[in-house]
Amino acid sequence: MTALDEAPCRTYDDLLSRARAGALGPDPRTLRIAVAFTTRQAVRHDGRGTGYRNEVLSLRLAEAVGSCAVEPGELPESALDDCVGADVARLLGHPLPAVRVAALDAYLMHVAPHTPERGALPVALPAGSSLEKSRARARAVVELLDLPAGATVLVVGVVNSLLEALRSRGLGYVPCDLKGGTTEWGEPVVADALAAAGDCDALLVSGMTLGNGTFEPLREHALRHGKPLVMFAQTGSAVLPRLLGHGVSAVCAEPYPFFWLDGGSGVVHQYRGGRR
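For reference, each letter of the sequence shown is one residue, going 1 to 276 in full-length UniProt numbering.
This is the structure in structure tokens:
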């Protein structure tokens, strides 16, 4: 058992505080971000009637990249200047939540990358079109839900391929996104995840909730009611496995570069149960 395993973090804020204090690895005051960048995309898959946009802040620390998705246009231009060349400790206390999440993700990816020794099971994503890769990623995510047919899943962060994968397993779902709207199939999307969680058997939640402040209430709901909470994490892929066993039951971790960036093969990392 490693020192990291002996003193698990139970909340995101606990994890952030302990990282900032140097309790999870090297003193973050001695580590500097070499590169800060944003990735923006607009997508409409072949055969789909609707599209969406993504924007992600990423920070490079040595060999590691940490990321946090934001609502398009939300991140001020000054954020990149704040981050590049800054020490990690300062960014862990930055006023912008997205910067704090990306810095923590980069730090933890640097300290403890996704390896089988740390509990990560690599799952290959084959080369293909954007839709083919989206569906392959969705299968890797939904595999982590151990539910009988007919159960209902709260999906926080609507991804149409995830909804397809849930239907293929005979699972019902309640789609949820802060923006509301409708799914590809005209289903209403609720805006209040916590209000909808009570009627669902499990939660399937985007790592983006770390950056918009909605993660902790969902983690606490899952823990309090004994419900599975599965995270699909481009945001905070190295952060969320640290909360396994403390409300988080499984994670599909997808560090940068994400599946939608090119048509080549890729990999995601599944974590199940316990804690890393």
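Note that beta-carbon positions come from the ideal geometry of N, C-alpha and C, so glycine has one too.
Residues that residue i bridges to, as DSSP identifies them
i           : result
GLN41       : ASN54
SER67       : SER58
residue 322 : Missing from the structure shown is residue 322; the chain here goes from 1 to 276 and no further.
ARG272      : ALA250
LEU125      : GLY266
PHE232      : SER206 and CYS252
PRO188      : THR182
Pair within 9 Å by beta-carbon distance, residue i and residue j
i      : j      : result
LEU229 : ARG219 : yes
VAL101 : LEU243 : no
ALA165 : VAL142 : yes
ALA34  : GLY85  : yes
ALA250 : LEU154 : no
ALA191 : LYS179 : yes
ASP82  : VAL99  : yes
ALA19  : ALA112 : no
ALA222 : THR152 : no
ALA149 : GLY181 : no
LEU55  : VAL70  : The amino acid at residue 55 is misidentified as Leu; the sequence shows Glu. Yes, the pair counts as a contact, with Cβ atoms nearer than the cut-off.
HIS269 : LEU91  : no
VAL174 : ASP199 : yes
GLY207 : ALA233 : yes
Rounded straight-line distance, which links the Cα of residue j to that of residue i
i      : j      : result
PRO28  : ALA89  : 5 Å
LEU240 : GLU216 : 11 Å
PHE259 : THR183 : 21 Å
ALA193 : THR39  : 27 Å
GLY264 : ALA127 : 4 Å
SER168 : GLY119 : 28 Å
THR30  : ASP87  : 7 Å
PRO26  : GLY93  : 17 Å
LEU80  : ALA36  : 6 Å
CYS176 : VAL156 : 5 Å
GLY266 : GLY73  : 28 Å
GLY213 : GLU117 : 31 Å
GLY172 : SER67  : 30 Å
PRO76  : GLN41  : 17 Å
TYR271 : CYS252 : 6 Å
GLU187 : SER134 : 20 Å
TYR256 : LEU131 : 18 Å
ASP146 : PRO97  : 32 Å
GLY247 : HIS110 : 24 Å
ASP13  : ARG32  : 22 Å
Burial state of residue i (16 or more Cβ within 10 Å)
i           : result
THR235      : buried
LEU261      : exposed
ARG224      : exposed
SER161      : buried
LEU57       : buried
GLU95       : Per the sequence presented here, residue 95 reads as Pro, with Glu not at that position. Label assigned to PRO95: exposed.
CYS9        : buried
ARG53       : exposed
LEU125      : buried
SER129      : exposed
ALA140      : buried
THR115      : exposed
SER78       : exposed
ALA21       : exposed
GLY226      : exposed
residue 277 : Since the first residue of the chain shown is 1 and the last is 276, residue 277 is not available in this structure.
ALA197      : buried
Chain D within 9 Å of residue i, Cβ atoms only
i     : result
LEU59 : The chain inventory of the structure shown lacks chain D, comprising one protein chain alone.
Flag this pair as touching only if the segment 61 to 72 and the segment 105 to 121 have three or more C-beta atom pairs under 8 Å; answer yes or no. yes
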